[in-house]
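The numbering used here puts the sequence shown at residues 41 to 382. Glycine residues also receive a C-beta, built at the ideal position from the N, C-alpha and C atoms.
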Amino acid sequence: MPFLKTSTLVTIERHIAEEAAFHPEATGEFSRLLRDFTLALRILARDVRRAGLNDVLGMTDGMNVHGERVKRLDIHANEVIYRAMDHGGHLCVMASEESDGLMSIPDDYRKGKYVLVFDPLDGSSNIDVNVSIGTIFSIYKRLDETATTPGTLADVLQPGYKQVAAGYAMYGSSTQLVYTSGNGVDVFTFDPTIGEFLLTFEKIRIPKRGRIYSVNSGNAHKWPQGVRDYVSNLLRPSEDGLRPYSLRYVGTMVADIHRTLHYGGIFMYPSDSSSPTGKLRLVYEVNPMAFIVEQAGGRATDGRQRVLDIQPDSLHQRVPCFIGSEDDVRDAEAALVAAGDF
Ligand code: AHG
Ligand code: MN
Ligand code: MN
Numbered sequence: 041m042p043f044l045k046t047s048t049l050v051t052i053e054r055h056i057a058e059e060a061a062f063h064p065e066a067t068g069e070f071s072r073l074l075r076d077f078t079l080a081l082r083i084l085a086r087d088v089r090r091a092g093l094n095d096v097l098g099m100t101d102g103m104n105v106h107g108e109r110v111k112r113l114d115i116h117a118n119e120v121i122y123r124a125m126d127h128g129g130h131l132c133v134m135a136s137e138e139s140d141g142l143m144s145i146p147d148d149y150r151k152g153k154y155v156l157v158f159d160p161l162d163g164s165s166n167i168d169v170n171v172s173i174g175t176i177f178s179i180y181k182r183l184d185e186t187a188t189t190p191g192t193l194a195d196v197l198q199p200g201y202k203q204v205a206a207g208y209a210m211y212g213s214s215t216q217l218v219y220t221s222g223n224g225v226d227v228f229t230f231d232p233t234i235g236e237f238l239l240t241f242e243k244i245r246i247p248k249r250g251r252i253y254s255v256n257s258g259n260a261h262k263w264p265q266g267v268r269d270y271v272s273n274l275l276r277p278s279e280d281g282l283r284p285y286s287l288r289y290v291g292t293m294v295a296d297i298h299r300t301l302h303y304g305g306i307f308m309y310p311s312d313s314s315s316p317t318g319k320l321r322l323v324y325e326v327n328p329m330a331f332i333v334e335q336a337g338g339r340a341t342d343g344r345q346r347v348l349d350i351q352p353d354s355l356h357q358r359v360p361c362f363i364g365s366e367d368d369v370r371d372a373e374a375a376l377v378a379a380g381d382f
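As structure tokens, this is what we get:
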């Protein structure tokens with residue numbers, strides 16, 4: 041995947057303005073919304089880079105709605121994004137992994153026509169050991185675009201195919217923002233010396249098939265039979281040399297999906313006997329990643345149906361997911377059917 045020859049420095053603001061042509065109904069409000077969001081990402085890129093020095097590592101005493109111990113950086117990231125986005129007048133409501141319910145826009149501020157849902161910090165278990173972590177987000181239009189009242193749960197619980205834009209930031213050796221607004225997937229790399237996100241990859245296309253699978257094999261004893269059969273087959277050497285596949289698993293969804301997007305293959309978080317709907321959350325983890333991977337030419341299902349077609353029932357609903365190269369995801373689905381898991 042060649043780097044773009046960035047003779048013309050394309051900042052994300054310029055890119056969004058140029059993309060506006062694809063969304064004639066999107067007034068400058070959408071561009072200003074994303075500009076505010078990239079401010080939050082710049083702050084988080086700084087804070088993540090300095091985490092070891094800023095004393096924002098470690099656990100809080102709190103548990104989140106999922107019963108998970110919350111890291112201080114999770115809370116910090118949640119607050120940074122909320123404060124960056126609560127006053128711009130573009131949003132009518134927000135929701136996040138770290139908020140039990142809706143995150144309302146303060147009374148003093150105008151209610152806009154967009155909805156923001158996000159995972160402020162993805163990969164929390166990797167924070168303290170300096171392994172890549174990220175932020176995941178999705179943007180929707182509210183159901184009644186003419187309304188000026190606070191947004192509702194119905195505005196948040198929309199099926200993924202209604203997303204206007206989605207993306208993730210990955211705080212790794214550099215900070216990258218991977219973004220789509222339905223016109224392909226573009227990658228921006230943050231240049232801290234000028235404080236800008238610059239276009240570095242354009243219109244990423246995921247390979248139709250890869251040679252890597254990404255799953256937490258520690259759960260293998262609990263997987264449906266079809267997942268076990270599928271993984272066993274990936275490890276069986278084939279005449280054409282396409283198998284065995286390699287296992288790569290970071291444990292940060294953003295990092296595992298980012299690699300899958302570039303190299304192909306499959307990322308899975310299946311259901312298992314102790315988590316019948318899997319672990320990853322539909323609204324602010326799986327849907328945005330599904331939108332991005334589909335826009336890059338890949339496939340994202342719950343093992344049976346397209347993730348983006350699922351009507352969410354609740355904010356923190358979990359869903360099994362099989363995301364990546366089309367041929368690999370279809371092979372996994374076929375193994376589930378063959379084993380009678382569906
Ligand atoms: P978060 O840190 O936002 O809770 O997300 C963690 C998720 C996801 O990033 C990753 O793919 C998955 O948890 C890893 O789960 P396991 O440790 O169970 O494999
Ligand atoms: Mn997450
Ligand atoms: Mn998180």
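{"Asked": "Boundaries (first-last residue) of the beta strand (DSSP E) holding E137", "Found": "Taken as a continuous stretch (DSSP letters only), E137 belongs to no beta strand (DSSP E), as it is neither H nor E."}
{"Asked": "Helix, strand or coil at P316 according to DSSP, with G and I counted as helix", "Found": "coil"}
{"Asked": "Those residues which DSSP pairs with S178 across a bridge", "Found": "V157 and A206"}
{"Asked": "Whole runs of the beta strand (DSSP E) within the stretch 213-267, excluding any shorter than 3 residues", "Found": "215-220, 225-231, 236-241 and 252-254"}
{"Asked": "F408 versus L193: straight-line alpha-carbon distance, rounded", "Found": "Since the first and last residues shown for the chain are 41 and 382, residue 408 lies out of range."}
{"Asked": "Proximity winner among D184, Q345, P352 and I332, relative to C361 (alpha-carbon distances)", "Found": "Q345"}
{"Asked": "Test item: CB-CB of F230 and R82 under 8 Å", "Found": "yes"}
{"Asked": "heavy atom of ligand 3 below 7 Å from S164 C-beta", "Found": "yes"}
{"Asked": "Minimum length 4: unbroken alpha helix (DSSP H) runs contained in the stretch 321-355", "Found": "327-335"}
{"Asked": "Three-state secondary structure (DSSP) of D126", "Found": "coil"}
{"Asked": "Spatial distance of G364 from T341 (CA atoms)", "Found": "9 Å"}
{"Asked": "Helix, strand or coil at D371 according to DSSP, with G and I counted as helix", "Found": "helix"}
{"Asked": "Residue of G212, G129, R288 and T215 minimising C-alpha distance to Y154", "Found": "G129"}
{"Asked": "P190 vs C132 beta-carbon contact at 8 Å", "Found": "yes"}
{"Asked": "G174 beta carbon less than 8 Å from that of A295", "Found": "yes"}
{"Asked": "Residue range of the alpha helix (DSSP H) that includes F362", "Found": "No alpha helix (DSSP H) contains F362, which is instead part of the beta strand (DSSP E) from C361 to G364."}
{"Asked": "Near ligand 2: M210 beta-carbon under 7 Å from a heavy atom", "Found": "no"}
{"Asked": "For N223 and P146, the rounded distance between their alpha carbons", "Found": "33 Å"}
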